Structures are given as C-alpha cells and as structure tokens.
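Taking it in order: structure first as structure tokens, then the write-up.
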Amino acid sequence: MIVAYDINETRIITQTHHAHIAGFICNHLKSEYRSLFFSEVIAAIFYHETQETDFNYTRQLNDLGQPISFDKPDITLEELAEKTNKILDKLKTRSLLVAALVSSHLQFLSPQVFTSGLVYKSNSNLDRKAMRLYKIKKADYDYLYGIVRFCDRLSLMICQNEFPDAQRSFDINNALDNKIHQLKDKNGRLIIDPWPFVGTELTIHYEYHKLKQRSFKNSETFYKAVDESRIGLEKIIFSKT
Numbered sequence: 369m370i371v372a373y374d375i376n377e378t379r380i381i382t383q384t385h386h387a388h389i390a391g392f393i394c395n396h397l398k399s400e401y402r403s404l405f406f407s408e409v410i411a412a413i414f415y416h417e418t419q420e421t422d423f424n425y426t427r428q429l430n431d432l433g434q435p436i437s438f439d440k441p442d443i444t445l446e447e448l449a450e451k452t453n454k455i456l457d458k459l460k461t462r463s464l465l466v467a468a469l470v471s472s473h474l475q476f477l478s479p480q481v482f483t484s485g486l487v488y489k490s491n492s493n494l495d496r497k498a499m500r501l502y503k504i505k506k507a508d509y510d511y512l513y514g515i516v517r518f519c520d521r522l523s524l525m526i527c528q529n530e531f532p533d534a535q536r537s538f539d540i541n542n543a544l545d546n547k548i549h550q551l552k553d554k555n556g557r558l559i560i561d562p563w564p565f566v567g568t569e570l571t572i573h574y575e576y577h578k579l580k581q582r583s584f585k586n587s588e589t590f591y592k593a594v595d596e597s598r599i600g601l602e603k604i605i606f607s608k609t
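Quick note on this note's numbering: the sequence shown kicks off at 369 and runs consecutively.
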C-alpha cells in the first residue's frame, strides 16, 4: 500500500490501484509504442501487483500502529522470495511473456531476491525463456520492458504526489525508448517532455481510501477501517506544452 498523511486524514492507495493507473497510462501511449506484443505489456503492468501486496503481504502496521508504506517494507528476504514465487507461478499460467516482463521488473526492484537462490529454478531466467519461445531479440524485449518501467514510475509519482513546482523539473526515467522523460512545472501546468501520449493532454483519475485515524490497535482494526472508509477521488492533468 502507498501511505500519505495530511492534517485531517490518512490516505491509502492500494498496490493494485497503482497498477491500474499504470495500465491506464500505458493504454494512452502513442501508436509507435504499440508493438506486436503490446497486449502482453499491458497485462504485465496490470498484473505486476496483486491483492497480496495491497497491504504489504506480511506486516501492515509499524510499532506505533501506523500503516507501513510499500517503500518502507518490514519483510525478510525469504518472505520476499515467497511472494515473488507466488506472483510468477500465477502469471505463468496466464502467459510466459507476461510473467517474464513482471519477473524483469521484480528483479529490477529487488535484485537480491534473484541472486539469493531463493527464487525457484522454474522462475529464473524467464526473460530468456520468453525470448526464445516468442523469437524476440533482446533489444526488442528490453524495449517492451522499458514501457513497463516508464508506466510504473509515472504511476508511482502520481500516487506519492511527487510533482515538481516553482518551474522545476523531475526526471521520470529513461526507460521508454531509452529517452529521458522529464516532468516539468510550467506556470502550474505539468508538462511531460518528450510527450509520449496520444493527444495533447492526458487526464488521470485516481482513488484513495480516506482514514480519519493515524494509528490502529492491530491489523484487524486497520483492515476494518479501510473496508469501511470513504473513497476519495483526485485527478491530475499532464500536458504536452
């Protein structure tokens, strides 16, 4: 889960909703990014998070009873490997290429899991297996995975409210077609350069759970609060110029 606080409430965005936003972003890319395997790319983006990771898979609250954000996980290497194996086992039943793209992303995020020897042999080197099966060159596979990384990163920036102001700019990353894409503030407008989307603007709506409490007695009371919480809706507009 992605956790943010303001004066009056705690905001929770689930990992699966983050993946939904990333998939929406991918679906609005220009036609030049839509290769023969674009449906597999979108599937990898939508399914790279599961309901298991919505609430951090293991521990949900810190010692103060506050929700733990995904970027401050309290998880052992063994638990992370177990989660990785479960995700990849499920995805292989959907598509080897989808599983491979997600595996590449998990390896990018947590390389230590794959070098530890804790990932099943059947879940290792999925990229090579998929490239061989689909007869995809490595450069083309890397291009597909670059789309996954770009959409995932931009979605996280939205979920974490990570936007520039005062005419500043942030690098998104250089994953999309090996080009550095920047997010810039231009007189209050959010500009992405170079512009990768269809049209001249992209409006993205995203949801979050509104919790009045900042801390909870235990995971059960936290789950109950999330289940009974109001849903808030925000939107962000990115522009070409």
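Glycine included, each C-beta is placed from N, C-alpha and C at the ideal position. Keep in mind it's a predicted model, so treat the numbers as computed, not measured.
Anyone know if the C-beta pair for residue i and residue j falls short of 8 Å?
i: Q475; j: F438; result: no
i: P479; j: F590; result: no
i: H396; j: V566; result: yes
i: E569; j: F606; result: yes
i: K398; j: P562; result: no
Only counting the same chain, and skipping five residues up and downstream in sequence, which positions put a Cβ closer than 6 Å to that of residue i?
i: R427; result: D442
i: A467; result: L456, L459, K460 and L494
i: L522; result: I393 and I540
Between which two residues does the alpha helix (DSSP H) containing residue i stretch?
i: Y373; result: From DSSP, Y373 is part of no alpha helix (DSSP H) but of the beta strand (DSSP E) over I370 to Y373.
i: Q475; result: L464 to L477
i: K506; result: K506 to C527
i: E602; result: First-last for E602: R598 to S607, but that is the beta strand (DSSP E), not the alpha helix (DSSP H).
i: R496; result: L494 to Y502
i: I443; result: Counting along the chain, I443 falls outside any alpha helix (DSSP H), and DSSP gives it neither H nor E.
i: Y415; result: F406 to Y415
i: Y591; result: S587 to D595
In terms of residue numbering, what span does the beta strand (DSSP E) encompassing residue i cover?
i: Q550; result: H549 to K554
i: I560; result: R557 to D561
i: T571; result: E569 to L579
i: D539; result: S537 to N541
i: T378; result: T378 to I381
Is there a Cβ of chain C sitting closer than 8 Å to that of residue i, yes or no?
i: V409; result: Absent from the structure: chain C. Only one protein chain is present.
Mind reading off the beta-carbon distance from residue i to residue j? Whole number of angstroms is fine, and I expect it under 8 Å.
i: F392; j: I572; result: 6 Å
i: S463; j: E530; result: Wrong, their Cβ atoms sit about 31 Å apart, outside the cutoff.
i: A412; j: V470; result: 5 Å
i: L465; j: Y502; result: 6 Å
i: L544; j: I604; result: Wrong, their Cβ atoms sit about 18 Å apart, outside the cutoff.
i: S583; j: L404; result: In fact, because the Cβ distance is near 50 Å, the residues do not count as touching under 8 Å.
Starting from the Cα of residue i, find the closest Cα among the options and give me that residue.
i: T452; options: L429, P435, N430 and G485; result: G485
i: E588; options: A390, Y401 and F423; result: F423
i: A534; options: R500, A449, C519 and D553; result: D553
i: I526; options: Y574, S399, F565 and P564; result: Y574
i: F406; options: L432, D508 and I381; result: D508
i: C394; options: L432, K503, Y513 and R496; result: Y513
i: E596; options: W563, Q581, E602 and M499; result: Q581
i: M369; options: E377, L524 and I515; result: L524
i: I389; options: R598, K585 and V516; result: V516
i: I560; options: E377, K608 and S492; result: K608
i: S537; options: D520, Q528 and G556; result: G556
i: S492; options: S472, L445 and I504; result: S472
i: L429; options: Y511, N376 and N586; result: N586
i: L602; options: N546, Q528, V594 and N376; result: Sequence check: residue 602 is Glu here, not Leu. For the residues N546, Q528, V594 and N376, the minimum Cα distance to E602 belongs to Q528.
i: E400; options: R598, D520, K592 and Y511; result: Y511
Between which residues of its own chain and residue i is the CB-CB distance below 8 Å, once the five residues before and five after are set aside?
i: R379; result: V371, A372, Y373, Y576, H577, K578, L579 and G600
i: K506; result: M499
Near residue i, what residues of its chain come up, given a Cβ to Cβ distance below 7 Å and the 5 sequence neighbours on each side ignored?
i: V487; result: A449, T452, N453 and V481
i: I548; result: D539 and N542
i: L445; result: Q480, V481, S484 and L486
i: P532; result: F538, L551, K552 and D553
i: E377; result: K578, L579 and K580
Please confirm whether any heavy atom of the ligand MG lies closer than 7 Å to the CB of residue i.
i: N491; result: Ligands displayed in this structure: none; no statement on the ligand MG is therefore possible.
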